[in-house]
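Read through the structure below, which is laid out as structure tokens, and then see the notes.
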Amino acid sequence: MLDNSKTLLAMLTVYRGSVNMVTKCNEAFTEMSGFSSSAIQNSQLSEKLVLAEDANYDSLDDLFNCALRYEDGVFCDAKLFNQFHYAVSVKLHCVYQGCDIFALYFSVSENKSIDPITKLPNGWALISRVNYLLENNRIALKNMVLLVLEADNFSAINFRYDYMVGDQYLTLLGERLQSLLKSFGFVIRFSNAKYAILIEDNEDLPEPVLRKRIELICQNLCFALTKPIVISEQLAISKSFSIGVSSPGYQYHCYHSMQIAAETEKQKAKKYSINNYFIASPEPKEDFLRHKLIIESLPQAMSEEIIEVHYQPQYDMKTKVLVGLEALSRWTDATLGIIRPDIFIAITEDIGLHFEFDLWVFEKVCKQATLWQKQGLNVPRIAINISFKTMEMTTFIERIRDILLVTSCPTHFIELEVTETASINNSKMLSENMLQVKALGMHIAVDDFGTGYSSLSLIRTFHKSIDKLKLDRSLVDKVCHTELDKNFIKHIIELGKILDVSVLAEGVETKQQLDLLIELGCDYAQGYYFSKALPLTEVIDLIEHDTSLV
Numbered sequence: 002m003l004d005n006s007k008t009l010l011a012m013l014t015v016y017r018g019s020v021n022m023v024t025k026c027n028e029a030f031t032e033m034s035g036f037s038s039s040a041i042q043n044s045q046l047s048e049k050l051v052l053a054e055d056a057n058y059d060s061l062d063d064l065f066n067c068a069l070r071y072e073d074g075v076f077c078d079a080k081l082f083n084q085f086h087y088a089v090s091v092k093l094h095c096v097y098q099g100c101d102i103f104a105l106y107f108s109v110s111e112n113k114s115i116d117p118i119t120k121l122p123n124g125w126a127l128i129s130r131v132n133y134l135l136e137n138n139r140i141a142l143k144n145m146v147l148l149v150l151e152a153d154n155f156s157a158i159n160f161r162y163d164y165m166v167g168d169q170y171l172t173l174l175g176e177r178l179q180s181l182l183k184s185f186g187f188v189i190r191f192s193n194a195k196y197a198i199l200i201e202d203n204e205d206l207p208e209p210v211l212r213k214r215i216e217l218i219c220q221n222l223c224f225a226l227t228k229p230i231v232i233s234e235q236l237a238i239s240k241s242f243s244i245g246v247s248s249p250g251y252q253y254h255c256y257h258s259m260q261i262a263a264e265t266e267k268q269k270a271k272k273y274s275i276n277n278y279f280i281a282s283p284e285p286k287e288d289f290l291r292h293k294l295i296i297e298s299l300p301q302a303m304s305e306e307i308i309e310v311h312y313q314p315q316y317d318m319k320t321k322v323l324v325g326l327e328a329l330s331r332w333t334d335a336t337l338g339i340i341r342p343d344i345f346i347a348i349t350e351d352i353g354l355h356f357e358f359d360l361w362v363f364e365k366v367c368k369q370a371t372l373w374q375k376q377g378l379n380v381p382r383i384a385i386n387i388s389f390k391t392m393e394m395t396t397f398i399e400r401i402r403d404i405l406l407v408t409s410c411p412t413h414f415i416e417l418e419v420t421e422t423a424s425i426n427n428s429k430m431l432s433e434n435m436l437q438v439k440a441l442g443m444h445i446a447v448d449d450f451g452t453g454y455s456s457l458s459l460i461r462t463f464h465k466s467i468d469k470l471k472l473d474r475s476l477v478d479k480v481c482h483t484e485l486d487k488n489f490i491k492h493i494i495e496l497g498k499i500l501d502v503s504v505l506a507e508g509v510e511t512k513q514q515l516d517l518l519i520e521l522g523c524d525y526a527q528g529y530y531f532s533k534a535l536p537l538t539e540v541i542d543l544i545e546h547d548t549s550l551v
């Protein structure tokens, strides 16, 4: 039952007639719905409200008829469409006022369209708004433009100060964006420090004019965002931003295509510039369309196990004995053909799927290792690639513990290869998680060593948790070319000995490379000289019959 005090509840009064006209609303209703009082007055109630399917009333008229019979009114669940046409779940109390006037009091039971930190609308609200405009022929996609904006390396604020400061920053940033852009369109927060602005243009401007207008908005936005966000008298935070924009005037097939276009341009801005914006070209290029299809196909490829795990053997250079396998993802799509791992793994990070993808591979390998053990096979240690972005997640250890428990996989079978696909945001959590990985009995290797963001700094910081360095194939490929290349690898191998960690060379393809690496003191190797990554049936045969090189 709703609170008897109606002063704080959102309220409408409705004149019961042929169209059930709204006569007035209170301030609480305008705040809850996002509509101004002028926009809601004299509108039809049926445009804003629908009763829940289990409301015990067949229609609004049925609700009003029941309210006539009870002095305290009647109660039911309903859906109220807010300014984005998002259906907000509400508790409804309908009371008869006399003279065919009814008061409707609303209490929000659930509103998934509002971001709890900034109080801005979120991605659900944006999708609802776009779908409403399209379904009611209010505006075409070609007259909408989507800006996706993100503060670079936002996580550093949380880790340097605390999460309360991070939340303050997000709220103040949202307020600044609102003040700058509210007159142009809707500002929403997606996640972390990523926001979107939907610019609705009903004037049907020619594409060149619309593009110029969007460029001016972006330029003003870039300038405004160079000013620090003032948290307190003692703290002001300056961040760089990356902005991606869908193609102005282009008729996208659907909203999802428009969002992918803006997201793709944002990634370009982040990669190639600072405090800048990139606008999508009018005609999507073939690589963009392929990128879009990969994004759309990824979840299904995981759930239906279309992505397979192959295993590349690793050998001891001196004894030629098989000492390990590296688990490598392989994806052949019926439509797209072979999709390179570096492409789809990068996409998992771009769209925030890296955590679930890494753990999905981890679980598949753990299940396989346990099965091999039950079959009596001599299981070598299996290396699984895990990005730093995954390993620094707060729930990482909890999730891998659960997987190890469910699969009954012995931890000494597993080696985690951490890869430097992005700069580290939470070094404290990463350090703690690496120590816990070691405590669980797993090994840790640093993949692609010699490239990446901060390999030497990383090794210096985390060397106590690291068991192995993997020389990047780009270095191994050149080891026989010049004395400089040879000495470069020689010193990395010497660094491994100083740190008391083993060194594995990736991408060994010739006997000349192998002999030189043995001479330099490298411990282990993998590459096409020994074997490509093998599908499951072939690797089982390898484990059963061929544990050393002849």
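What the sequence shown shows, in my numbering, is residues 2 to 551, in sequence order. Ideal Cβ positions, reconstructed from N, Cα and C, are used throughout, including at glycine. Remember, it's a predicted structure, so these values are computed and weren't measured experimentally.
Would you decide whether Leu378 is buried or exposed? Buried here means 16 or more other CB atoms lie within 10 Å of its CB. exposed
Label Cys255 either buried or exposed according to how many other C-beta atoms from any shown protein chain fall within 10 Å of its C-beta, with 16 as the threshold for buried. exposed
Pull up the CB-CB distance for Phe356 and Thr395, whole angstroms please, since I reckon it's below 8 Å. So it is not a contact: roughly 11 Å between Cβ atoms.
How many Å lie between Val96 and His86 at the Cα? 25 Å
So the beta strand (DSSP E) Glu327 belongs to, where does it begin and stop? The continuous beta strand (DSSP E) containing Glu327 extends over residues 323-334.
Can you give the Cα-Cα distance for Asp163 and Asn123, rounded to whole angstroms? Whole-angstrom Cα-Cα distance: 23 Å.
Buried or exposed: Leu326, going by 16 or more other Cβ atoms within 10 Å of its Cβ? buried
Find out if the Cβ-Cβ distance for the pair Val1, Glu266 is shorter than 7 Å. Because the chain here runs from 2 to 551, residue 1 falls outside it and cannot be looked at.
Between the Cα of Leu518 and those of Leu537, Cys481, Lys498, Leu496, spot the shortest distance and give me the residue it belongs to. Out of Leu537, Cys481, Lys498, Leu496, Cys481 has the C-alpha closest to the C-alpha of Leu518.
Within 10 angstroms of the Cβ of Val210, are there 16 or more other Cβ atoms? Answer buried if so, exposed if not. exposed
Cutting at 6 Å between CB atoms, please list the residues of its own chain near Pro536, excluding the five before and the five after it. Cβ-Cβ distances below 6 Å link Pro536 to His311 in the same chain, with the five nearest sequence neighbours on each side left out; the list follows chain order.
As a quick exercise: from Lys49, Gln514, Gln437, Ser428, pick the residue whose alpha carbon is nearest that of Arg400. Gln437
Can you tell me where the alpha helix (DSSP H) with Asp403 in it begins and where it stops? 397-408
Gln252, buried or exposed, once every other Cβ within 10 Å from all chains shown has been counted against 16: Looking at its Cβ environment, which holds fewer than 16 other Cβ atoms inside 10 Å, Gln252 is exposed.
Alpha helix (DSSP H) segment containing Leu170, residue limits: The amino acid occupying residue 170 in the given sequence is Tyr; Leu does not appear at that position. Per DSSP, the unbroken alpha helix (DSSP H) holding Tyr170 starts and ends at 164-182.
Suppose you measure from the CA of Leu431 to the CA of Lys469; what does that come to, to the nearest Å? 17 Å
Between His492 and the rest of its own chain, which residues show a CB-CB distance below 6 Å, the 5 nearest in sequence each way excluded? none
Please report the Cβ distance between Leu61 and Leu46, rounded to the nearest whole angstrom; I am assuming they are in contact, meaning their Cβ atoms lie under 8 Å. 6 Å
Quick check: the Cα distance between Leu3 and Ile404, rounded to an integer number of angstroms? The pLDDT assigned to Leu3 is 43, lower than 50, so where the model puts this residue is not dependable, and the model offers no usable value.
What does the alpha-carbon distance come out to for the pair Ala446 and Pro381? 15 Å
Pair within 7 Å by beta-carbon distance, Val509 and Gly528: yes
Given a cut-off of 7 Å, decide if Phe107 and Val91 are closer than it, judged by their beta-carbon atoms. yes
Tell me the DSSP secondary structure of Lys240 in three-state form. coil
Enumerate, from N- to C-terminal direction, the unbroken alpha helix (DSSP H) stretches of 4 or more residues contained entirely within the segment 456-486. 456-463, 474-477
Beta strand (DSSP E) runs contained entirely in the segment 13-75, provided each spans 3 or more residues: 22-26, 50-52
Selected residue, minimal CA-CA separation from Leu360, among Arg402, Val231, Ala347, Trp332: Arg402
Reduced DSSP secondary structure (H/G/I, E/B, other) of Tyr87: coil
Starting from Gly186, trace the beta strand (DSSP E) in both directions and tell me its first and last residue. 186-192
For the structure I just gave you, are there three or more beta carbon pairs, one from the segment 14-28 and one from the segment 68-84, closer than 8 Å? By the criterion of at least three beta-carbon pairs nearer than 8 Å, the segment 14-28 is not in contact with the segment 68-84.
So for Asn488, helix, strand or coil by DSSP? helix
Excluding the 5 residues preceding and the 5 following Thr412 in the sequence, name in chain order all residues of the same chain whose CB lies nearer than 6 Å to its CB. Leu441, Gly442, Met443
Within 10 angstroms of its Cβ, does Arg341 collect 16 or more other Cβ (buried), or is it exposed? Exposed: under 16 other Cβ atoms inside 10 Å.
Can you list, in chain order, the stretches of the alpha helix (DSSP H) that have 4 or more residues and sit fully within the segment 132-165? Scanning the segment 132-165 for uninterrupted alpha helix (DSSP H) segments of 4 residues or longer gives 156-161, listed from N- to C-terminal end.
Span separating the alpha-carbon of Val407 from that of Ile218: Distance between Val407 and Ile218, taken at the CA atoms: about 53 Å.
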